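Residues 47 to 468 (the working numbering) are what the first sequence spells out, left to right.
Report on the following structure.
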Amino acid sequence: MFDIKAIRENPDEFDRLWAKRGLEPQSKKILDQDKLIRKAMQVVQEAEAARNKASKQIGAAMGKGDKEEAERLKTEVAGAKNVIAAMGAQVDSEKAVLNDTLSSLPNVPVHDVPDGESEDDNVELSKWGEPRKFEFEPKDHSDLGEALGMMDFEAAAKMSGSRFVVLRGALSRMDRALAALMLDMQTEEGFEETSPPFLVWPKALYGTSQLPKFAEDLYKAGDDHYLIPTSEVSLTNTVRESILDSDVLPKRMTANTPCFRSEAGSAGRDTTGMIRQHQFNKVELVTICKPEDSEAEHKNMLRCAETVLQKLELPYRVVELCTGDLGFGARKTYDLEVWLPSQDTYREISSISNCGDFQARRMNARYKHAPKDNRFVHTLNGSGLAVGRTLVAVLENYQNADGTITVPKALVPYMGGLEVIS
RNA sequence: GGGCGGGUGGCAGAGUGGUUGAAUGCACCGGUCUUGAAAACCGGCAUGGGUGCAAGCCCAUCGGGGGUUCGAAUCCCUCCCCGCCCGCCA
């Protein structure tokens with residue numbers, strides 16, 4: 047959501063920034079509508095003022111016992127009420143139109159985000175680790191998992207359809223072990239471990255900007271709730287509709303939760319294996335902070351996510367998303383991509399975004415900057431990391447010629463001492 | 001799920017139809033006093049919006065939405081949330 051005042055003051059700047067994301071100029075449409083609303087509002091407010099004034103006079107007249115004057119004033123009020131009703135309805139509907147426009151527009155990128163149209167224009171910032179040289183043909187994680195008898199897509203398909211999996215034995219345990227390792231590391235970094243709801247109301251999803259535009263990506267549960275597509279939703283909304291004392295900021299939270307995504311629109315992409323599932327676990331990082339701190343917090347979150355891959359000794363690279371590949375609510379995003387031998391490429395395993403005040407405005411989340419000066423917080427979110435995809439990366443990078451999997455050193459204690467999965 | 005009681009400013013808490021946008025206390029800000037601080041005293045102190053160069057003026061807001069009324073924090077309906085009791089349940 048945007049500050050309409052900022053658009054009034056800088057319409058060309060907004061259009062320029064939206065253009066970077068491939069959008070037509072929007073500000074003229076917005077400001078015309080804004081003007082229309084304000085004009086109608088003035089009429090309504092004048093009528094309301096007349097009504098209020100006359101009503102007070104009625105009270106006074108009744109007190110004096112002047113019935114005649116009271117009756118005369120009542121007809122005056124009735125006239126004002128007609129105006130209020132008619133113009134008020136118009137104001138409401140015009141406001142709804144403007145709100146629809148504004149809430150479906152994406153955040154604007156920070157000035158230093160690289161220009162570009164698609165993921166092909168993303169910029170590689172750094173690389174860590176050397177992809178391992180295999181003296182045999184490395185297998186795909188699903189082949190490895192199925193051969194071990196610990197990754198069962200067929201059983202999952204029978205009860206739930208495609209894009210689901212049943213993990214068994216050591217792989218099921220590894221899913222838990224990875225999440226535990228990540229939570230331990232992130233809480234060590236100062237993120238508070240949190241267990242939030244997995245079902246949320248539409249307004250929470252509106253707050254983090256999955257709604258209204260991306261309803262088709264979500265699962266609805268019952269009449270009132272949606273399943274969270276990421277715990278970014280739950281964690282960020284913990285501060286909705288509140289005014290935080292500035293000394294509680296920055297607020298850093300982490301949670302391991304299942305994430306539910308319908309994956310509408312991704313037909314044909316990653317149809318096999320665990321890369322793209324309807325349900326997966328993810329350890330999320332969310333930071334709520336003052337505007338002046340969000341850039342540093344963003345870098346901090348990137349570092350915290352990287353640390354997990356380093357601890358697991360998985361080769362990865364850091365990519366900065368270009369303007370055209372930025373998510374809806376983000377003003378700047380770093381992706382972490384882990385090396386997958388079977389695909390001979392790096393694949394996204396974490397996405398870390400600074401949303402600025404975009405979500406805060408939608409949630410009405412503020413902090414006390416000074417007495418009488420409440421300001422919107424900045425919100426940031428990132429995966430630290432996607433557990434399912436980390437499991438994939440471990441299987442593929444740590445596979446042996448005989449199909450067994452060496453357990454990464456850091457994970458052994460979390461696997462009850464198990465060193466090789468066979 | 002059923003019954004009852006609640007939801008008021010940053011917090012606590014008055015207020016049941018007419019200058020109540022809202023008493024009072026705490027917190028906070030400014031001042032007096034003090035070497036300094038505390039205490040005491042004086043003053044200020046909700047949010048969003050419209051309009052204006054500004055001072056200001058105006059509108060809305062007492063959980064959300066709707067209604068009754070000339071006029072609603074106050075009455076009615078509905079939804080949400082909190083508490084307690086009952087039922088059900090991991």
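Using N, Cα and C, we set each Cβ at its ideal position, and we do this for glycine too.
What you are looking at is a predicted structure, and each value in this text was computed from that prediction instead of being measured.
{"Item": "Cβ-based burial, S169 [other Cβ within 10 Å; buried from 16]", "Value": "For clarity, residue 169 is Val in the given sequence; the question names Ser instead. V169 comes out exposed."}
{"Item": "Reduced DSSP category for I104 - H, G, I as helix; E, B as strand; rest coil", "Value": "helix"}
{"Item": "Check: D198 C-beta below 7 Å from any heavy atom of the ligand GTP", "Value": "Absence of the ligand GTP from the depicted structure is noted, as is the absence of any ligand whatsoever, leaving it without description."}
{"Item": "Local conformation of R222 per DSSP, three classes", "Value": "helix"}
{"Item": "Extent of the continuous beta strand (DSSP E) to which E330 belongs", "Value": "325-335"}
{"Item": "Selection from I334, S150, V384, S208 that minimises the alpha carbon distance to R315", "Value": "S208"}
{"Item": "Sequence-distant residues of the same chain with beta carbon closer than 8 Å to R322, five excluded per side", "Value": "R209, E309, S312, R315, D316"}
{"Item": "T147 classed as buried or exposed, judged by whether at least 16 other C-beta atoms fall within 10 angstroms", "Value": "exposed"}
{"Item": "Proximity winner among M299, K179, I274, relative to T234 (alpha-carbon distances)", "Value": "Here residue 234 is Glu; the residue named in the question, Thr, does not match the sequence. Residue M299 is the option with its Cα nearest to E234."}
{"Item": "Three-state secondary structure (DSSP) of R54", "Value": "helix"}
{"Item": "Cβ pair V137, V90 closer than 8 Å", "Value": "yes"}
{"Item": "Segment contact flag, the segment 270-283 with the segment 241-256, C-beta cutoff 8 Å, min 3 pairs", "Value": "yes"}
{"Item": "Sequence-distant residues of its chain with Cβ nearer than 6 Å to H344 (five each side left out)", "Value": "N400, L426"}
{"Item": "Cβ contact (3+ pairs, closer than 8 Å) linking the segment 222-234 and the segment 448-463", "Value": "yes"}
{"Item": "Nearest-angstrom Cα separation, counted from M197 out to K204", "Value": "14 Å"}
{"Item": "Simplified DSSP assignment, three categories, for A447", "Value": "coil"}
{"Item": "Between the CA atoms of T240 and A447 - distance to the nearest angstrom", "Value": "40 Å"}
{"Item": "Three-way DSSP call (helix, strand, coil) for H157 in this model", "Value": "coil"}
{"Item": "Top-ranked residue by Cα proximity to A342, from E383, P296, E122, Q88", "Value": "P296"}
{"Item": "Residues near L441 in its chain [Cβ-Cβ closer than 7 Å; skip 5 each side]", "Value": "H187, L190, G191, I451"}
{"Item": "Extent of the continuous beta strand (DSSP E) to which E421 belongs", "Value": "According to the sequence provided, residue 421 is Arg. The question's Glu does not apply to it. Unbroken beta strand (DSSP E) run through R421: 419-422."}
{"Item": "C-alpha gap between E465 and A376, whole angstroms", "Value": "40 Å"}
{"Item": "Under the three-state DSSP convention, the category N302 falls into", "Value": "strand"}
{"Item": "Three-state class that DSSP yields for R45 in the structure shown", "Value": "In the structure displayed, the chain extends from 47 to 468; residue 45 sits before or after that span and is not available."}
{"Item": "Enclosing beta strand (DSSP E) for N400 [first to last residue]", "Value": "391-400"}
{"Item": "Nearest to G268 (by Cα), restricted to the options Y392, A96, L245", "Value": "L245"}
{"Item": "Residue environment, I515, which counts as buried when at least 16 other CB atoms sit within 10 Å", "Value": "Absent from the structure is residue 515, since the part of the chain shown begins at 47 and ends at 468."}
{"Item": "Start-to-end residues for the alpha helix (DSSP H) that takes in K127", "Value": "113-149"}
{"Item": "CB of R222 within 8 Å of CB of P387, strictly", "Value": "no"}
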